[in-house]
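Below is one structure; the comments refer to it alone.
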Amino acid sequence: MAPPHDYGVVGVIDGQSVKVTPFRTVNIPPPMALHEFEVKSNAIDIAFNVDASLIAVLHQEGIAILQWKSVAASLSAPQLTSQATFEKDGSPEGIYHQISFVGKYDVLVLQRQKYGSSLKRYGFSDDTGRMEEILSEAPSTSNIAALSSFSQDESAHPYVQGKAGDLHSLTFGEHSLSHSNFPLYLPWAEIVPYTENHIAFGMSGNGHLYANSRLLVKNCTSFLVTPVHLIFTTTAHLLKFVHITAVNGTSLFRWFR
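Each residue of the sequence shown is one higher than the one before, starting from 1 at the first, in this note's numbering.
Next up, the structure:
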């Protein structure tokens, strides 16, 4: 979530139980949580829309959408509003892997199959009162390694990362993130809008932190991004703040400890 909706919401999966806490308004240390709810089967992934008013939970049998009316006040718990059940046609099932919001209400699901990956889009149907699959022309997805999204203009914009670190937007056109490609697949990645372009930050499993294709540090243990700062921790137990200025040029960032 992006300002002014950055409530510090954390979702934790524990089997069929999902625990959520907005740390901006209430400080409850794990394994406890402010709210806890269950889904039909073991949860796989969680996604929040841009203002955390909706929570999408991907589980082994389908999707659950919950509405959270008072995340800022942290009063009422999220309530189930709609759900979708994955069809079983007798053929070998692919593995559902990740979920992400697209726009404000629809969701995308990444499914891994024997011969590649596929994306499915689901939205709420006024006719049935349930989440239904929206048939659309899917982009080439056989090389997808990860699905995620970033916030811009009060909406969620999904993107995918290929196995070679290439990034592709699913809303702005495939080539809109081509200048932000990573040199290799990075399991942790975030994209932030900057001026008229976007900057992609990613971390490898061995702690190499990149901004687009540029290697920043080799001893990173975790990171997060705000609209103006990159914040990361190091193996030397330091917390570093980096003011984002430009990604191409001699003065890439201004560093602070």
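Ideal Cβ positions, reconstructed from N, Cα and C, are used throughout, including at glycine. Here the structure is a predicted model, which means the values were calculated and not measured.
Under the DSSP assignment, Glu-132 falls in the beta strand (DSSP E) whose first and last residues are 131 to 134.
Closest option to Ala-156, judged by alpha-carbon separation, among Ile-199, Ser-100, Ala-189 and Trp-68: Ser-100. For Thr-81, the uninterrupted beta strand (DSSP E) segment begins and ends at 79 to 85. With contacts defined as CB atoms closer than 8 Å, Leu-184 and Gly-165 qualify as a contacting pair. Around the beta-carbon of Ser-70, fewer than 16 other beta-carbon atoms lie within 10 Å, marking it exposed.
The secondary-structure analysis by DSSP pairs Asn-197 across a beta bridge with Tyr-194. Taking C-alpha positions only, Ser-82 is separated from Glu-132 by approximately 10 Å. According to DSSP, residue pairing for Asp-45 in a beta bridge involves Leu-58. By the neighbour-count criterion, in which a residue is buried when 16 or more other Cβ atoms sit within 10 angstroms of its Cβ, Tyr-122 is buried. Secondary structure note for Leu-239: its beta strand (DSSP E) is the uninterrupted segment 239 to 244. A check of alpha carbon separations from Val-10 across Gln-111, Phe-201 and Thr-25 identifies Thr-25 as the nearest.
In the DSSP assignment, Val-26 falls outside any beta strand (DSSP E) and carries neither an H nor an E. Counting the other CB atoms within 10 Å of its CB gives Phe-201 a total of 16 or more, which places it among the buried residues. For Leu-34, there is no enclosing beta strand (DSSP E), as DSSP marks it with neither H nor E. In the three-state reduction of the DSSP assignment, His-179 falls in the helix class. If you look at Tyr-96, you'll find it in the beta strand (DSSP E) that goes 95 to 102. Residues Ser-155 and Ala-156 of the same chain have their beta carbon placed closer than 7 Å to that of Gly-103, with the five preceding and five following residues left out of the count.
With distances taken between CA atoms, Thr-195 lies nearest to Val-228 out of Val-18, Glu-38, Pro-3 and Val-228.
Separation of Val-225 and Ser-180 (C-alpha to C-alpha, rounded to the nearest whole angstrom) is 15 Å.
For Leu-184, the three-state secondary structure derived from DSSP is coil. A straight line joining the alpha-carbon of Thr-245 with that of Asn-49 spans about 27 Å. Boundaries of the beta strand (DSSP E) around Ala-145: 144 to 152.
In the displayed model, Pro-158 falls within a strand according to three-state DSSP.
Leu-110 is bridged by DSSP to Gln-98 and Leu-119. In this model, Val-217 and Lys-240 are separated by some 11 Å (Cα to Cα). Contact check for Val-12 against Pro-29 fails: the beta carbons are separated by 8 Å or more.
Shortest Cα-Cα distance from Val-39 to any of Asp-51, Ala-56 and Ala-33 involves Ala-56.
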